[in-house]
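Chains as they are written, first to last, in the numbering used here: chain A, 10 to 270; chain B, 10 to 270. Ideal Cβ placement from N, Cα and C applies to all residues, glycine included. These figures come from a predicted structure and were not determined experimentally. Note sheet for the following structure.
Number of protein chains: 2
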Amino acid sequence: MARRDDANGTGTLGKAMDVLDAVAAAPSPPRFTDLLGKVDQPRGTLHRQVSNLVEEGLLSVRGDHSYELGVRLLRLASKAWSDNQFRLVAEPHLRRLHDLTGETVHLGVLSGAEVVYLDKVESRQAVRMHSQIGNASPTYCTGVGKAALSALPEAELERRIAALAFRAYTPSTLPDAAALRREIDEIRRSGIAYDREEHEPGIHCVAAPLHSRSRDFVAGVSVTAPAYRIPMARLHEWEPLVRDCARSIMEDMASRLGPRS
Amino acid sequence: MARRDDANGTGTLGKAMDVLDAVAAAPSPPRFTDLLGKVDQPRGTLHRQVSNLVEEGLLSVRGDHSYELGVRLLRLASKAWSDNQFRLVAEPHLRRLHDLTGETVHLGVLSGAEVVYLDKVESRQAVRMHSQIGNASPTYCTGVGKAALSALPEAELERRIAALAFRAYTPSTLPDAAALRREIDEIRRSGIAYDREEHEPGIHCVAAPLHSRSRDFVAGVSVTAPAYRIPMARLHEWEPLVRDCARSIMEDMASRLGPRS
DNA sequence: AATTATGTTCCATATAGTGGAATAAATTGA
DNA sequence: TCAATTTATTCCACTATATGGAACATAATT
């Protein structure tokens with residue numbers, strides 16, 4: 010929810026993105042006046058911004074003046090996904106981790122305050138692919154999220170934690186910054202993060218951090234499983250597999266994309 | 010390829026989108042100078058535009074100064090897809106069409122010169138979902154593309170056809186505007202479009218047009234099948250099913266979203 | 001028909017984007 | 001290793017573009 014500091018460096022573009030975010034965050038297609046309440050812009054200004062977004066195909070307007078995100082985003086995202094070098098490099102490693110564990114494997118990267126899923130490998134492909142790719146979850150209550158946070162340089166970590174708004178998804182969701190901070194320290198020591206049913210009841214996972222040399226992006230790999238079928242002990246056994254997967258993705262990145270990736 | 014008229018009404022935002030398009034169109038992650046050649050902007054200007062896009066997460070820069078589309082697009086597109094009212098309304102109808110035919114069903118909407126796939130229903134879910142959703146194909150050699158074109162008002166159709174650049178994907182791809190024009194007339198009469206292996210050899214389909222009352226968007230539904238297994242005759246038999254599917258989606262839209270959608 | 005809510009247009013003003021040129025950084029070649 | 005060359009980044013006077021308050025138009029509501 011909390012999204013934007015009053016001042017931002019990206020001028021007109023930033024404002025346009027604010028509008029898109031506002032539409033994305035709305036529970037149902039917002040009308041013009043709804044948006045007027047959500048983004049801090051005067052009528053005339055917002056109206057032109059929205060018109061421009063519509064003209065560019067980033068927003069689409071229905072007959073009743075309500076707005077939806079436009080299909081042009083789908084088109085771009087499709088490219089963003091299929092061309093993504095990190096994902097391309099990681100994919101075979103994820104597949105291998107899946108083969109070794111038999112459970113669902115996720116790859117997620119840190120984006121803003123959230124972790125967005127870049128890829129997913131699971132056996133029963135009955136579930137719609139899109140149900141995860143591109144989805145975003147909070148960092149503080151997911152395996153990949155906490156793993157990714159642990160890979161951030163200290164200053165950056167502080168900044169991000171300070172900006173978080175904690176919400177208890179389950180009884181075991183970490184309640185505040187202090188608890189998260191303690192857990193991150195532990196993850197940094199062990200190189201492994203757990204989600205102990207902190208986001209969804211009955212679902213837990215093991216995850217390992219992943220980052221580019223320069224830390225210009227941080228990510229996480231995880232193996233997720235239902236608690237009733239896979240006990241915590243098994244998750245512990247998988248620690249080396251997950252760690253190895255993360256390590257080999259990083260090595261692969263380094264060798265393929267040059268030492269500086 | 011042909012993308013932009015010299016003048017466009019969306020100012021700064023439009024230019025930013027041009028840059029995104031240029032990155033999306035590149036066969037491999039372009040560097041700054043590559044982009045400089047593709048978008049018509051002076052160095053200083055382009056540099057700031059790119060910086061802004063990176064800061065907003067719409068572009069991401071790798072260690073070697075090459076640019077990729079950013080993950081924020083995935084996040085937005087995920088929302089764009091899951092919230093899309095048209096798709097939500099259409100989904101059960103697509104599923105029904107799939108059950109009746111046993112073959113792959115597509116839903117695509119017209120976006121610029123292309124048709125982008127909004128949904129896909131197929132039995133063997135082995136294929137990755139993202140392999141189609143958000144993908145774009147030319148209008149003039151796909152079933153949904155031609156169907157969608159046929160639903161455009163005359164003036165709009167002329168304009169779009171004039172802007173097309175024809176490329177022969179297969180021996181049966183329509184070669185030019187005249188041939189397409191003739192076929193569109195036929196589709197308007199019959200209400201059914203065929204792709205006779207015009208995009209991919211061995212793949213053909215039946216499609217029907219679909220549009221919102223006000224024509225502010227046009228789309229198509231199709232049943233696609235391999236030619237070796239499903240003969241043309243069978244496609245003909247499916248005509249009523251496809252037409253009914255399109256009709257019932259439109260009716261459903263009208264009733265759910267109000268008479269004006 | 002009058003009232004209220006909602007959407008759209010206008011235009012003087014200021015802000016934010018522009019772009020040519022200078023600087024810095026990385027890469028290549030001798 | 002150092003110069004030559006390519007490539008990326010910064011700077012800033014200038015101006016095009018976005019701004020926003022207010023007037024106007026168009027539904028919806030009473």
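Which residues in the same chain as Leu244 of chain A place their Cβ atom closer than 8 Å to its Cβ, once the five residues preceding and following it in sequence are excluded?
Tyr203, His213, Cys214, Val215, Val232 and Ala234
Below 8 Å between beta carbons is the criterion; list the residues of the segment 79-94 of chain A that meet it against any residue of chain B, in chain order.
Against chain B - using a Cβ distance shorter than 8 Å - the residues of the segment 79-94 of chain A are Gly79, Val80, Arg81, Leu82, Leu83, Arg84, Leu85, Ala86, Ser87, Lys88, Ala89, Trp90, Ser91, Asp92, Asn93 and Gln94.
Do you know how far the Cα of Glu131 of chain B is from the Cα of Met138 of chain A?
The predicted model places Met138 of chain A with a pLDDT of 42, which falls under 50 and marks its position as unreliable, so this point remains unresolved.
Measure the beta-carbon distance from Ala217 of chain A to Ala263 of chain A and round it to whole angstroms, keeping in mind my assumption that it falls under 8 Å.
Contact between Ala217 of chain A and Ala263 of chain A does not hold, since their C-beta atoms are separated by about 17 Å, which reaches or exceeds 8 Å.
Cα-Cα separation, Ser69 of chain B to Ala187 of chain B:
42 Å
List, from N- to C-terminal side, the beta strand (DSSP E) runs of 3 residues or more that fit wholly inside the segment 92-176 of chain A.
113-120, 123-130 and 145-147
Start and end residues, beta strand (DSSP E) containing His213 of chain A:
Ile212 to His220
Determine the contact status of Leu44 of chain A and Val59 of chain A, defining contact as a CB-CB distance below 8 Å.
yes
Following the continuous alpha helix (DSSP H) through Glu246 of chain B, name the residue where it begins and the one where it ends.
Met241 to Arg265
In three-state terms, what does DSSP make of Ser199 of chain A?
Secondary structure at Ser199 of chain A: helix, using DSSP grouped into helix, strand and coil.
Looking at Leu219 of chain A and Leu106 of chain A, is the spacing between their C-beta atoms short of 8 Å?
no
Output the boundary residues of the alpha helix (DSSP H) element that contains Ser60 of chain A.
Taken as a continuous stretch (DSSP letters only), the alpha helix (DSSP H) holding Ser60 of chain A covers Arg52 to Glu64.
At a cut of 8 Å, does the segment 143-157 of chain B reach the segment 168-183 of chain B through at least three beta carbon pairs?
yes
Buried or exposed (CB count within 10 angstroms, at least 16 for buried), Gly117 of chain B
The residue in question, Gly117 of chain B, is buried, as its Cβ has 16 or more Cβ neighbours within 10 Å.
Could one say the Cβ of Ile258 of chain B lies closer than 8 Å to chain A's Cβ atoms, at least one of them?
no
Environment of Glu195 of chain A [buried if 16+ CB atoms lie within 10 Å]
The residue in question, Glu195 of chain A, is exposed, as its Cβ has fewer than 16 Cβ neighbours within 10 Å.
How about Asp108 of chain A and Glu77 of chain B: do their beta carbons lie closer than 8 Å?
no
Cβ neighbour criterion (16 or more within 10 Å) applied to Glu207 of chain B
buried
What does Val251 of chain A touch in chain B if you count any residue whose Cβ is under 9 Å from its own?
Within 9 Å Cβ-Cβ: nothing; Val251 of chain A doesn't reach chain B, min ~22 Å.
Cβ separation of Val125 of chain B and Asn144 of chain B, assumed to be a contact under 8 Å, to the nearest whole Å
7 Å
In chain order, what residues of the same chain have a beta carbon less than 6 Å from the beta carbon of Ile193 of chain A, not counting five sequence neighbours either side?
Leu158 and Ser159
Mind checking whether Ala89 of chain A and Gly23 of chain B have CB atoms under 8 Å apart?
no
What residues in the segment 19-31 of chain B bring their beta carbon closer than 9 Å to a beta carbon of chain A?
Thr19, Gly20, Thr21, Leu22, Gly23, Ala25, Met26, Leu29 and Asp30
For my contact list, Ser120 of chain B and Arg81 of chain A are in at a C-beta cut-off of 8 Å; report their separation, rounded to the angstrom.
6 Å
Tell me which residues share the same chain as Met259 of chain B and place their Cβ nearer than 7 Å to its Cβ, disregarding the 5 neighbours each side in the sequence.
Leu219
With a cut-off of 8 Å on the beta carbons, I'd call Val230 of chain B and Leu103 of chain B a contact; round off their distance for me.
7 Å
Rank B:Glu123, B:Arg222 and B:Asp261 by C-alpha distance to the C-alpha of Phe175 of chain B and give the top, closest one.
Comparing C-alpha distances from Phe175 of chain B to each of B:Glu123, B:Arg222 and B:Asp261 shows the shortest one belongs to B:Glu123.
Are the C-beta of Pro38 of chain B and some C-beta of chain A separated by less than 8 Å?
yes
8 Å Cβ cutoff, Ser223 of chain B in contact with chain A
yes
Unbroken beta strand (DSSP E) run spanning Leu183 of chain A, endpoints
Segment: none, Leu183 of chain A is in no beta strand (DSSP E) and carries neither H nor E.
Short CB-CB distance (under 8 Å) between His139 of chain B and chain A
Any reading at His139 of chain B needs caution, since the residue's pLDDT is 45, under 50, leaving its predicted position unreliable; the model's value is listed next. So, interface residue.
If we define contact as Cβ-Cβ less than 8 Å, is Leu127 of chain A a contact residue for chain B?
yes
Could you name the residues of chain A that Gly143 of chain B contacts, counting a contact when the two beta carbons are closer than 7 Å?
Leu83, Arg84, Ala86 and Ser87
Neighbour list for Glu77 of chain A in chain B, Cβ cutoff strictly below 9 Å
Ala89, Asp92, Asn93, Gln94 and Phe95
Whole angstroms are fine: how far does the CA of Trp247 of chain A sit from the CA of Gly111 of chain A?
11 Å
Quick one: what does DSSP say Arg23 of chain B is sitting in, helix, strand or coil?
The residue you asked about is not Arg; residue 23 of chain B is Gly in the sequence shown. Correct three-state label for Gly23 of chain B: helix.
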